[in-house]
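**Q** Below are the structure tokens for one structure; questions will follow.
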Amino acid sequence: MAPSSLFIGVVSHEGSRFAVSQGPDGLASQLVAAVAGAAVHVNTVDLLPVDSPLVTPETVQGTLTAELQLDRTWAKFLGRPQGMHWWGVHAARWGRRTWQRLRPPSPSMVRRLLNIELSHLDLMRRGLASGAPWVLILEDDGFTSDIQDLSEGLARLMHLSAPPGFVNLSESFTTRELGIDHLLSPVSGVTWAGDRPRSVLQARKPVTNTVCAILYSTSFLADLVQAMDALPMEPVVPIDWKLNMALMALDEAGRVPPGTCWLVEPAPIRQMSMQPAEILPS
Numbered sequence: 034m035a036p037s038s039l040f041i042g043v044v045s046h047e048g049s050r051f052a053v054s055q056g057p058d059g060l061a062s063q064l065v066a067a068v069a070g071a072a073v074h075v076n077t078v079d080l081l082p083v084d085s086p087l088v089t090p091e092t093v094q095g096t097l098t099a100e101l102q103l104d105r106t107w108a109k110f111l112g113r114p115q116g117m118h119w120w121g122v123h124a125a126r127w128g129r130r131t132w133q134r135l136r137p138p139s140p141s142m143v144r145r146l147l148n149i150e151l152s153h154l155d156l157m158r159r160g161l162a163s164g165a166p167w168v169l170i171l172e173d174d175g176f177t178s179d180i181q182d183l184s185e186g187l188a189r190l191m192h193l194s195a196p197p198g199f200v201n202l203s204e205s206f207t208t209r210e211l212g213i214d215h216l217l218s219p220v221s222g223v224t225w226a227g228d229r230p231r232s233v234l235q236a237r238k239p240v241t242n243t244v245c246a247i248l249y250s251t252s253f254l255a256d257l258v259q260a261m262d263a264l265p266m267e268p269v270v271p272i273d274w275k276l277n278m279a280l281m282a283l284d285e286a287g288r289v290p291p292g293t294c295w296l297v298e299p300a301p302i303r304q305m306s307m308q309p310a311e312i313l314p315s
């Protein structure tokens, strides 16, 4: 059997409020119908052993502290200005962190984070093993209102003579909120092929807009998975931060060539869990 042109992996779980994404009406299945040669795999099973020693109250505290420390590390990596507003928000987060020492979240939070991370990594490896040149990893709350626009735009990106390493396709935060505007510039000679007005941008450093929907070339994904595997499991952090940690390590090692990271603005995929209820699909 010939390898797929695009492997689509969906991160989900049993009981998800976005369970529609697991079936024929989900975004992944719609893309399989619209993109020639695409294949899909949906992860719904928890991959963390029930008796994992990583799920403890101590791990919860380590997670909460690590997220705040990574926020500063990431801002420094981006060269993001840390003015009064940033420090005010960061100080408020540390204040909340102090309260969480007295009223910490349940260890189930750590179990959830680990299962999401393991699901992402499992799908990345499945994508590499599929032989497809491109791998699209979706979280189950990814949604588009125009599947034709998305599929045509993807097809153009995947057939460029000088393709990127990965493309951010979801919008969870604006580029201003992410503090990455100063890193972005248009990709010369590349336009979005769909019927919606969108810009294709490249970033001087590898950046993410959460992990709701990212398209990876398998050549870059192989390096990324290797970098993620080299990171310790503890402290347990959300997969967004784990990916950022791996990207910073690759960049420091000189393994992120110019033009590796692209973004589509406005993004063709919305993260439903980040949207006001009144604009979500019924």
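Numbering-wise (this note's numbering), the sequence shown opens with residue 34 and increments by one.
Here a beta-carbon is modelled for each residue, glycine too, at the ideal position from N, C-alpha and C.
1) Count the C-beta pairs between the region 185-196 and the region 222-235 that are closer than 8 Å, then say yes if the count reaches three, no if not.
2) Output the distance between the C-alpha atoms of residue 281 and residue 238, rounded to the nearest integer angstrom.
3) Along the beta strand (DSSP E) that carries residue 74, what are the first and last residues, could you check?
4) What separation, rounded to the nearest whole angstrom, lies between the Cα atoms of residue 243 and residue 205?
5) Using CA atoms only, rank isn't needed, just tell me which of 175, 189, 140 and 199 is closest to residue 168.
6) What does the alpha-carbon distance come out to for the pair residue 106 and residue 53?
7) Kindly indicate which three-state DSSP category residue 312 falls into: helix, strand or coil?
8) Taking the continuous beta strand (DSSP E) assigned at residue 252, which residues delimit it?
9) Please determine, among 308, 42, 36 and 267, the residue with the shortest C-alpha to C-alpha distance to residue 164.
10) Do you know offhand how far residue 154's Cα is from residue 258's?
11) State the DSSP-derived secondary structure class of residue 34, mapped to helix, strand or coil.
12) What residues in its chain sit with their C-beta under 7 Å from that of residue 288, if we drop five residues either side in the sequence?
13) Measure the C-alpha to C-alpha separation of residue 312 and residue 175 and round it to an integer number of angstroms.
14) Quick one: complete alpha helix (DSSP H) runs, 4+ long, within the region 164-220?
15) Kindly indicate which three-state DSSP category residue 233 falls into: helix, strand or coil?
16) Per DSSP, what kind of secondary structure is residue 246 in: helix, strand or coil?
17) Could you give the residue range of the beta strand (DSSP E) that holds residue 298?
18) Is it right to say residue 109 is buried, meaning 16 or more other beta carbons lie within 10 angstroms of its own, or is it exposed?
19) Where do the ends of the alpha helix (DSSP H) carrying residue 110 lie?
20) Just to confirm, is the Cβ distance from residue 170 to residue 247 under 9 Å?
21) Around the C-beta of residue 39, are 16 or more other C-beta atoms found within 10 angstroms, so that it is buried, or is it exposed?
22) What are the partner residues of residue 303, as DSSP defines its beta bridges?
23) In this structure, does DSSP put residue 43 in helix, strand or coil?
24) For the alpha helix (DSSP H) holding residue 278, just list the boundary residues, first then last.
25) Exposed or buried, which one is residue 209 when buried takes at least 16 other CB atoms within 10 Å?
26) Do you know offhand how far residue 231's Cα is from residue 136's?
27) Does the Cβ-Cβ distance between residue 55 and residue 173 come in under 9 Å?
**A** Taking the coordinates as given:
1) Contact between the region 185-196 and the region 222-235 is present, because at least three Cβ pairs lie under 8 Å.
2) In the sequence shown, the residue the question calls residue 281 occupies position 248. In the sequence shown, the residue the question calls residue 238 occupies position 205. Roughly 9 Å separates the two Cα atoms.
3) Start at 1 with the first residue of the sequence shown, and residue 74 comes out as number 41. Counting along the chain, the beta strand (DSSP E) containing residue 74 begins and ends at 71-76.
4) To locate residue 243, count along the sequence shown from 1; it is residue 210. To locate residue 205, count along the sequence shown from 1; it is residue 172. Approximately 7 Å between the Cα atoms of the pair.
5) Numbered from 1 along the sequence shown, position 135 holds the residue referred to as residue 168. Out of 175, 189, 140 and 199, 199 has the C-alpha closest to the C-alpha of residue 168.
6) Looking up residue 106 in the sequence shown gives position 73. Looking up residue 53 in the sequence shown gives position 20. Here the C-alpha atom of residue 106 lies approximately 37 Å from the C-alpha atom of residue 53.
7) Here residue 312 refers to the residue found at position 279 when the sequence shown is read from its first residue. The pLDDT assigned to residue 312 is 44, lower than 50, so where the model puts this residue is not dependable, and the model offers no usable value.
8) As a position in the sequence shown, residue 252 is number 219, starting the count at 1. Note, residue 252: premise wrong, no beta strand (DSSP E); alpha helix (DSSP H) at 251-262.
9) Counting from one through the sequence shown, the residue named residue 164 turns up at place 131. The candidate whose alpha carbon is nearest that of residue 164 is 36.
10) Within the sequence shown, numbered from 1, the residue matching residue 154 stands at position 121. Within the sequence shown, numbered from 1, the residue matching residue 258 stands at position 225. About 7 Å.
11) Indexing the sequence shown from 1 puts residue 34 at position 1. Confidence in residue 34 is poor, its pLDDT being 47 and thus under 50, which makes the residue's placement unreliable; the coordinate value appears in the next sentence. Collapsing the DSSP output to three states places residue 34 in coil.
12) As a position in the sequence shown, residue 288 is number 255, starting the count at 1. Beyond the five residues adjoining it in sequence on each side, residue 288 comes within less than 7 Å, by CB distance, of 256 in the same chain, given in chain order.
13) Taking the sequence shown and counting its residues from 1, one reaches residue 312 at position 279. Taking the sequence shown and counting its residues from 1, one reaches residue 175 at position 142. Unreliable placement is indicated for residue 312, whose pLDDT of 44 sits below 50; the coordinate value is still reported in the next sentence. Each residue's alpha carbon lies about 14 Å from the other.
14) Those alpha helix (DSSP H) runs which fall completely within the region 164-220 and span 4+ residues are 180-191 and 208-211.
15) As a position in the sequence shown, residue 233 is number 200, starting the count at 1. In the structure shown, the three-state DSSP call for residue 233 is strand.
16) The residue labelled residue 246 in the question sits at position 213 within the sequence shown. Residue 246 sits in a strand when the DSSP states are folded into three classes.
17) Taking the sequence shown and counting its residues from 1, the one referred to as residue 298 is at position 265. That run of the beta strand (DSSP E) goes 294-298.
18) By 1-based counting over the sequence shown, the position of residue 109 is 76. Residue 109 should be labelled exposed.
19) Position 77 of the sequence shown, counted from the first residue, corresponds to residue 110. Counting along the chain, the alpha helix (DSSP H) containing residue 110 begins and ends at 90-111.
20) On the sequence shown, residue 170 is found 137 positions in, with the first residue counted as 1. On the sequence shown, residue 247 is found 214 positions in, with the first residue counted as 1. By the CB criterion at 9 Å, residue 170 and residue 247 fall inside the cutoff.
21) Counting from one through the sequence shown, the residue named residue 39 turns up at place 6. In this structure residue 39 is buried. Its beta-carbon is surrounded by 16 or more other beta-carbon atoms within 10 angstroms.
22) The residue labelled residue 303 in the question sits at position 270 within the sequence shown. Looking at the DSSP assignment, residue 303 forms a beta bridge with 176 and 204.
23) Locating residue 43 in the sequence shown gives position 10, counting from the first residue. Judged by DSSP in its simplified three-state form, residue 43 adopts strand.
24) Translated into positions along the sequence shown, residue 278 becomes position 245. Boundaries of the alpha helix (DSSP H) around residue 278: 272-285.
25) The sequence position of residue 209 within the sequence shown is 176, counting from 1. Around the beta-carbon of residue 209, fewer than 16 other beta-carbon atoms lie within 10 Å, marking it exposed.
26) By one-based count along the sequence shown, residue 231 stands at place 198. By one-based count along the sequence shown, residue 136 stands at place 103. One C-alpha to the other measures close to 44 Å.
27) Taking the first residue of the sequence shown as 1, we reach residue 55 at position 22. Taking the first residue of the sequence shown as 1, we reach residue 173 at position 140. Yes, they are a contact pair.
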